[in-house]
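Chains as they are written, first to last, in our numbering: chain A, 1 to 125; chain B, 1 to 125. Single-structure report; data block below.
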């Protein structure tokens, strides 16, 4: 294994940058069967409700946020993680100190393989 | 979304327990298209070299370890993450303070859906 396959959560320069929403930026790391996205949310930043067929897991690494999924809001603290089945409408709202979130997609979200902005999907599945 | 789809890295009671090797225990959280495994490694615990067709990512959440993949050893510190393509032989050796590792498999490793022990594969792919 070469050094090139090693990354770090606090130095994301090797990832493909993407602005998901105002105050929410991410870096994308694509594999063959899954994809990681390490998203930094500024304090009180809000995503937009969206859905996609790919399964998603989220891991809250730092900060706090409100997770919205299928119309239910849950407060999350660092260390919490959750699953989003394909097709479930979801978004997040960061807390007062912002948040760092590791998102995992399987299979990879094709639209995130190219530079761009936004969540790549309309507000419903 | 019900509370039941929320988990925490430091309270893994909802995951399926598995002993991967002496001093390496994990909890499995299975999705439809991917699977998370949160592994606790005791100080200096060693895995055994193994391989599987599923893609894997590892995220070192706490501690230090030596990552062995395709015969190359890399020292990892907290925050490092890495990708293991399907079929690549790999293992880890924990450092002096042990380690907490989030492993991600896509697709899910079927053998980890059932209670058991070990990495579930022979030493070569």
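A virtual CB, placed ideally from N, CA and C, is assigned to each residue, including glycine.
First and last residue of the beta strand (DSSP E) that includes residue i?
i	result
residue 35 of chain B	35-41
residue 75 of chain B	72-77
residue 98 of chain B	90-106
residue 47 of chain B	No beta strand (DSSP E) contains residue 47 of chain B, which DSSP labels as neither H nor E.
residue 27 of chain B	24-30
residue 80 of chain B	80-84
Flag residue i as yes if its beta-carbon sits less than 8 Å from any beta-carbon of chain A, otherwise no.
i	result
residue 10 of chain B	yes
residue 41 of chain B	no
residue 104 of chain B	yes
residue 18 of chain B	no
residue 59 of chain B	yes
residue 110 of chain B	no
residue 37 of chain B	no
residue 5 of chain B	yes
residue 62 of chain B	no
residue 115 of chain B	no
residue 79 of chain B	yes
residue 31 of chain B	yes
residue 27 of chain B	no
residue 83 of chain B	yes
Pick helix, strand or coil for residue i, following the three-state DSSP scheme.
i	result
residue 121 of chain B	coil
residue 62 of chain A	strand
residue 54 of chain B	coil
residue 19 of chain A	strand
residue 10 of chain B	coil
residue 113 of chain A	helix
residue 5 of chain B	helix
Does residue i come within less than 8 Å of chain B when only Cβ atoms are used?
i	result
residue 1 of chain A	The pLDDT assigned to residue 1 of chain A is 41, lower than 50, so where the model puts this residue is not dependable, and the model offers no usable value.
residue 121 of chain A	no
residue 47 of chain A	no
residue 74 of chain A	yes
residue 13 of chain A	no
residue 107 of chain A	yes
residue 55 of chain A	yes
residue 34 of chain A	yes
Assuming residue i contacts residue j under a Cβ cut-off of 8 Å, what Cβ separation, rounded to an integer in Å, is found between them?
i	j	result
residue 64 of chain A	residue 91 of chain A	So it is not a contact: roughly 15 Å between Cβ atoms.
residue 44 of chain A	residue 94 of chain A	6 Å
residue 107 of chain A	residue 42 of chain A	That belief does not hold up - the Cβ atoms of residue 107 of chain A and residue 42 of chain A are roughly 29 Å apart, past 8 Å.
residue 103 of chain A	residue 89 of chain A	The pair is not a contact, with the Cβ atoms about 15 Å apart (cut-off 8 Å).
residue 68 of chain B	residue 101 of chain B	No, residue 68 of chain B and residue 101 of chain B are not in contact; Cβ-Cβ is about 13 Å, not under 8 Å.
residue 114 of chain A	residue 57 of chain B	With 8 Å as the limit, residue 114 of chain A and residue 57 of chain B do not qualify as a contact, their Cβ atoms being about 21 Å apart.
residue 83 of chain A	residue 31 of chain B	5 Å
residue 6 of chain A	residue 38 of chain B	That belief does not hold up - the Cβ atoms of residue 6 of chain A and residue 38 of chain B are roughly 20 Å apart, past 8 Å.
residue 20 of chain A	residue 86 of chain A	Not confirmed; about 19 Å, so no contact.
residue 61 of chain B	residue 9 of chain B	7 Å
Tell me residue i's beta-bridge partners as DSSP assigns them.
i	result
residue 69 of chain B	B:72 and B:90
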